[in-house]
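Colleague: For the protein sequence lines, the chains are W and F, in the order given.
Quick note on our numbering: the first sequence kicks off at 17 and runs consecutively.
Quick note on our numbering: the second sequence kicks off at 17 and runs consecutively.
Number of protein chains: 2
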Amino acid sequence: MQDPFVNLRVPGPTPVPDQVARAAARPMVNHRGPEFAAAMTEVVEGLKPFFGTRDDPLLLTGSGTGAMEAAIVNVLSPGDEVLAVTIGVFGDRFADIAQAFGATVHRLQAEWGKAIEPDAVAQALKEHRNIKAVLLTHNETSTGVTNDLAAIAAVVRTGGGDAPLLLADGVSSIGALPFEMDVWNIDVAITGSQKSWMSPPGVGMIALSERAWKAYAEARMPRFYWDFGKARKNGTRGTTPFTPAVGVVHALQEALRLMHAEGQEAVFARHRHIGVSIRKGIKSLGLELFADPAVVSNTVTAVRIPARVDASAFLRDLRQRHHLVVGSGQDWLKGSIFRIGHMGWIHDSDVDHLLSALRSALQTARLEEAV
Amino acid sequence: MQDPFVNLRVPGPTPVPDQVARAAARPMVNHRGPEFAAAMTEVVEGLKPFFGTRDDPLLLTGSGTGAMEAAIVNVLSPGDEVLAVTIGVFGDRFADIAQAFGATVHRLQAEWGKAIEPDAVAQALKEHRNIKAVLLTHNETSTGVTNDLAAIAAVVRTGGGDAPLLLADGVSSIGALPFEMDVWNIDVAITGSQKSWMSPPGVGMIALSERAWKAYAEARMPRFYWDFGKARKNGTRGTTPFTPAVGVVHALQEALRLMHAEGQEAVFARHRHIGVSIRKGIKSLGLELFADPAVVSNTVTAVRIPARVDASAFLRDLRQRHHLVVGSGQDWLKGSIFRIGHMGWIHDSDVDHLLSALRSALQTARLEEAV
C-alpha cells in the first residue's frame, strides 16, 4: 500500500525527514513531567525567531484550521466587525469561521491568483470605521500567492493604538518565508506542524502581541478547548492544558534543530531558490502558472492543467507510475489546476524528480489526447 | 533526558508498543489520497465493535477535551438545559464546557471516590423536566471510579423518544472496558487515541446515535472546526475536513490490529485481571484505595498517599530511582493521592515492576519519616 519512494509534494502534510520521524516515535512520556517540559520549552524557543517574536508561541493540539478558529474565538466578541481579506480558499475559510462565531464579516476579495493590493485594504478600512480585526492570509495555499504582509500590516496599523488587530494566517508561510511578527505589528500569527516544519500534522502554533492579549481579556466568543489563557498559564510550566500530541512535539523539537543547524536565512534562501527552480522548470515544460508572476509563492506553486488533459488521469499517472503526489485544485479550481507544495524538506534532487515526472506524465497525457 | 526503561503509568498518555510507534513514524502520505483512505477506513471499522455501534465513528484532530467540546457544540443550542452528572475533575470539565457555550447547566454531584446512583439521576430528571442532554463520565480518571453507564442510560431513556440525549465521556473506558453504545442507548460517545488505544495523543474518536444526528441538525451553538456534518461527509470518502494527525491515525491502525488479534473479550478480561492484581498489590503494601471498592475502575487506580509521606518527593523517587511514572492527584486531591493508569499496553510484568517500585519507594519514604 505504502510507496516508499514517493515524492510527496502536496502543500501539506509535507515529507518528514527520517530523524524527525524517529523523534515522533520516541517512547511516550508524561506530558506533566520534566522530559516533556524540556521538549516543549525547546520547541517554543526554537519557533520564536521564525515567528519574529519575543513572546512565547502557544502549542495547540489540532489542525491549522483549529488554530485559525482559536485565533478568532480568543480575541473577538459576537457582533464585532471584521474585515476578512480573502484571495482564495483559506481566506474564505478564515472569514467563514469568524461568521460562524457571530462576527459581522465584511469580505474584501481579490481575484484568485492575485494578491490583495494594500490600497484596497486601506480603502476598505475607510469604508468600515468600526473594524475590530483584519483577517489575512499571508500565503494562500489554494492559489500559490503570497500577500505582501508587511505592507498590508503597515496600512492596518496606520490608526496607531486604536487600529484594528491583524490576524495573519501564516500556516503555509511561517518557517519558510521571512516573517517578522514584532517588526510588522502582527497581532496573532498562526502556523501548523505539517507545513514548513517538516513534522507530522497535529499541532498548531500561534503567537500573540500584547494588543492581542488585551483583546483576549475582553473577548466574549465562547471558548474552552482553545482558550489562550489556559495555554499560556500551562505553557509557563512547560505543559499544555489538555493532553498534547506528544509525538508531534518531539518531531518539532528535532525538526527545529535541523532548521537552526541549517540557519534561518539559509532556510529562507533555499525556499526562494527552490521556488525559482520549480517555476522555471514548469515553464520549460510548456505549462502555465496560475498565479500572477509578481506575487508567486515560494512554498506552493499552482499550475494550470492544459486544456484537454484529464486532470484526474494525469494526477493518477503521476502517482502510480512516477511516485509523485501533488495536490489537486480546490473549490472551483478542481480539475483546472494542480498544486505543488515545496516547503520544508525539499532540495534540488526533489525538484529534478518532480520535473522529470511531470514531463513524462505530460507526454503520456498528450499521446492519449492525440489518439 | 529520555529514560528508555521507564514504566509509564499515568492515566494517559499510555505506553505505545514498538510496532505502533513505528507505524506512527511511517512515511507521510497525502490525507486526500488512497493510502490514507485505506488506513482511515480500517481504523473506523476497527473502532466500531469497541464502541458497540454500527455507525461509523468520526476522527477529530485534537485532545480528548476537544472531542468533549465537539460533542457539546454539535448537539446543543445556547440556553438548552443540561444535567451534568459529575463525580470528579472530568465530569466538572464536561459541565464547564457546556456552560462556556451557553447551556443552562444543572450539576448533579457525587462525593469524589464514589459513583453516581442511577436513582439520583432519575430524581434529578424529575426535578428538571426540560433537560435536553445528560452529560456523564463513564470512567472518572481523577478518582478511579467507573459509573454504571448501562443502568444510568436506562434511567435517562425512561422517557422513550423524548428522553434527553445521553453524552458519555468514555475517554478512559472505551477500548478497555465493555461499552455497548447501541444496546445501552448512548447518543454521543467519546474517546481519545492516547488511552486504551496504545497510540500517541492527537486524535479524538466520537460516535453518534441517530437521535444525536437529529439533534445535530437543529443545534445552534457556534461551530466550525468540530462540525460533525463536515466530518461525516469527508469520512465517507476516507478523509477528514481538515488535515488529520496522519501519524496518529497510522498508529491507531496498527494498535487496532493488535487489539483485534488479541480479541475484544480478551482485551476486556486482561483489563479486569490487571485491575484486580493492582488493587490486591496496593492493599498488600498497606496502602488504601481512594475509590469506593464497589465502583473501582479497571483502567485507573487512585491510591491515598499515607499521612506524613511527602507526595512530590515520593513521586520523584519513583521516577528517578525506580523508572516508574504515575500520575499525581488533580484539583483538591493534589498531594493526597496518586493515580495509576492501567489501560492499553499493560501486562503482569508491568504490574510486578509497578508494585516492587512502590514497595521500595514507600520504604524510603518511611525511613525518612522515621529520621
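Even for Gly, the Cβ is constructed at its ideal location relative to N, Cα and C.
So which residues of chain F does Asn46/W contact, with C-beta pairs closer than 7 Å?
Modeller: Looking up residue 46/W in the first sequence gives position 30. By Cβ distance, chain F contributes Leu24, Val26, Val341.
Colleague: Which value, in whole angstroms, describes the spacing of the CA atoms of Met84/F and Pro65/F?
Modeller: By one-based count along the second sequence, residue 84/F stands at place 68. By one-based count along the second sequence, residue 65/F stands at place 49. Taking the straight line from one Cα to the other gives about 21 Å.
Colleague: Taking only beta-carbon atoms, is Gly254/W less than 8 Å away from chain F?
Modeller: Counted from its first residue, the first sequence places residue 254/W at position 238. Taking Cβ atoms only, chain F never reaches closer than 8 Å to Gly254/W, which makes this a no.
Colleague: I'd like to confirm the pairing. Which residues does DSSP put opposite Thr153/W in its beta bridges?
Modeller: Position 137 of the first sequence holds residue 153/W. For Thr153/W, the beta-bridge partners assigned by DSSP are Asp185/W.
Colleague: If we count Cβ pairs, one from each stretch, closer than 8 Å, do we get three or more for the region 367-379 of chain F versus the region 288-302 of chain F?
Modeller: They touch, by the three-pair rule.
Colleague: What does the alpha-carbon distance come out to for the pair Ser188/W and Glu281/F?
Modeller: Mapped onto the first sequence, residue 188/W falls at position 172. Mapped onto the second sequence, residue 281/F falls at position 265. Computed Cα separation, rounded: 46 Å.
Colleague: From Phe110/W to Ala100/W, what distance separates their C-alpha atoms?
Modeller: One-based indexing of the first sequence puts residue 110/W at position 94. One-based indexing of the first sequence puts residue 100/W at position 84. Each residue's CA atom was taken as its position, placing Phe110/W and Ala100/W some 7 Å apart.
Colleague: Just to confirm the assignment, what range does the alpha helix (DSSP H) spanning Thr57/F have?
Modeller: Here residue 57/F corresponds to residue number 41 of the second sequence, with the count starting at 1. Run containing Thr57/F: 50-67, per the alpha helix (DSSP H) assignment.
Colleague: Given that Arg236/F touches chain W, what residues does it touch there, using C-beta distances under 8 Å?
Modeller: Counting from one through the second sequence, the residue named residue 236/F turns up at place 220. Those within 8 Å of Arg236/F in chain W number zero; the least Cβ separation is about 11 Å.
Colleague: Over the uninterrupted alpha helix (DSSP H) stretch that includes Asn90/F, give me the two end residues.
Modeller: Stepping through the second sequence from its first residue, residue 90/F is reached at position 74. Per DSSP, Asn90/F belongs to the alpha helix (DSSP H) from 80-91.
Colleague: Using beta carbons (cut-off 8 Å, strictly below), is Val32/F in contact with chain W?
Modeller: As a position in the second sequence, residue 32/F is number 16, starting the count at 1. So, interface residue.
Colleague: Cα separation between Trp361/F and Thr30/F?
Modeller: One-based indexing of the second sequence puts residue 361/F at position 345. One-based indexing of the second sequence puts residue 30/F at position 14. Their Cα atoms are separated by approximately 7 Å.
Colleague: What residues from chain W crowd round Asp185/F, counting only those whose CB sits closer than 9 Å?
Modeller: Mapped onto the second sequence, residue 185/F falls at position 169. None at all; the shortest Cβ gap to chain W is about 13 Å.
Colleague: Give me the Cα-Cα distance between Leu378/F and Val98/W, rounded to the nearest whole angstrom.
Modeller: The residue you call residue 378/F lines up with position 362 of the second sequence. The residue you call residue 98/W lines up with position 82 of the first sequence. Their Cα atoms are separated by approximately 59 Å.
Colleague: Would you call the region 118-137 of chain W in contact with the region 265-274 of chain W, where contact means no fewer than 3 C-beta pairs closer than 8 Å?
Modeller: no
Colleague: Indicate whether at least one CB of chain W lies closer than 8 Å to the CB of Val91/F.
Modeller: As a position in the second sequence, residue 91/F is number 75, starting the count at 1. With 8 Å as the cut-off, Val91/F does not count as an interface residue toward chain W.
Colleague: Which two residues bound the contiguous beta strand (DSSP E) that contains Glu97/W?
Modeller: Your numbering for residue 97/W matches position 81 in the first sequence. First-last of the beta strand (DSSP E) with Glu97/W: 97-102.
Colleague: Within its chain, find whatever has a CB closer than 6 Å to the CB of Arg332/W; leave out the 5 residues flanking it on each side and keep chain order.
Modeller: Along the first sequence, read from residue 1 onward, the residue named residue 332/W stands at position 316. The answer is none, since no qualifying residue turns up.
Colleague: Look up Ser344/F in the DSSP assignment and give the residues it is bridged to.
Modeller: Residue numbering aside, residue 344/F sits at position 328 when the second sequence is read from its first letter. In the DSSP output, where bridge partners are listed per residue, Ser344/F has Phe354/F.
Colleague: Ignore the nearest five residues each way along the sequence and tell me which others in Ile190/F's own chain have a CB closer than 7 Å to its CB.
Modeller: Residue 190/F sits at position 174 when you count from the first residue of the second sequence. Hits under 7 Å: Phe66, Phe67, Ala205, Thr207, Ser212.
Colleague: Please determine, among Val283/F, Ala233/F, Leu303/F, the residue with the shortest C-alpha to C-alpha distance to Ser352/F.
Modeller: Taking the second sequence and counting its residues from 1, one reaches residue 352/F at position 336. Ser352/F has its Cα closest to that of Leu303/F, out of Val283/F, Ala233/F, Leu303/F.
Colleague: Report all residues from its chain with a CB closer than 7 Å to the CB of Thr81/W; omit the five preceding and five following residues, and keep chain order.
Modeller: Here residue 81/W refers to the residue found at position 65 when the first sequence is read from its first residue. So the list reads Arg109, once near-sequence residues are dropped.
Colleague: Out of Ala114/W, Val91/W, Leu92/W, which one is the CA nearest neighbour of Thr102/W?
Modeller: The residue you call residue 102/W lines up with position 86 of the first sequence. For the residues Ala114/W, Val91/W, Leu92/W, the minimum Cα distance to Thr102/W belongs to Ala114/W.
Colleague: How far does the alpha helix (DSSP H) with Asn250/W in it extend, from its first residue to its last?
Modeller: Locating residue 250/W in the first sequence gives position 234, counting from the first residue. Per DSSP, Asn250/W belongs to the alpha helix (DSSP H) from 244-251.
Colleague: Roughly how many angstroms separate the alpha carbons of Thr159/F and Val283/F, rounded to a whole number?
Modeller: Taking the second sequence and counting its residues from 1, the one referred to as residue 159/F is at position 143. Taking the second sequence and counting its residues from 1, the one referred to as residue 283/F is at position 267. Spanning the two alpha carbons is a distance of roughly 23 Å.
Colleague: I need the straight-line Cα distance from Leu301/W to Asp198/F, nearest angstrom please.
Modeller: Taking the first residue of the first sequence as 1, we reach residue 301/W at position 285. Taking the first residue of the second sequence as 1, we reach residue 198/F at position 182. Distance from the CA atom of Leu301/W to the CA atom of Asp198/F, rounded to whole angstroms, is 57 Å.
Colleague: At a threshold of 7 Å, does Met237/W count as lining the ligand MN (C-beta to nearest heavy atom)?
Modeller: As presented, the structure is devoid of all ligands, the ligand MN included, so that no description of it is given.
Colleague: Can you check whether the CB of Ala149/F is closer than 8 Å to the CB of Val171/F?
Modeller: Sequence index remark: in the second sequence, residue 171/F carries index 155 (1-based). Sequence index remark: in the second sequence, residue 149/F carries index 133 (1-based). No, they are not a contact pair.
Colleague: Does the beta carbon of Ala373/W come closer than 8 Å to any beta carbon on chain F?
Modeller: Here residue 373/W refers to the residue found at position 357 when the first sequence is read from its first residue. No, no contact with chain F.
Colleague: For Met221/W, which beta-bridge partners are listed by DSSP?
Modeller: Residue numbering aside, residue 221/W sits at position 205 when the first sequence is read from its first letter. Leu75/W, Thr207/W.
Colleague: Let me know the secondary structure DSSP gives Ala318/F once reduced to three states.
Modeller: For the purposes of this step, residue 318/F is identified with residue 302 of the second sequence, where counting begins at 1. Reduced to three states, the DSSP call for Ala318/F is strand.
Colleague: Asp112/W touches chain F at which residues, Cβ-Cβ below 9 Å?
Modeller: Stepping through the first sequence from its first residue, residue 112/W is reached at position 96. By Cβ distance, chain F contributes Phe240.
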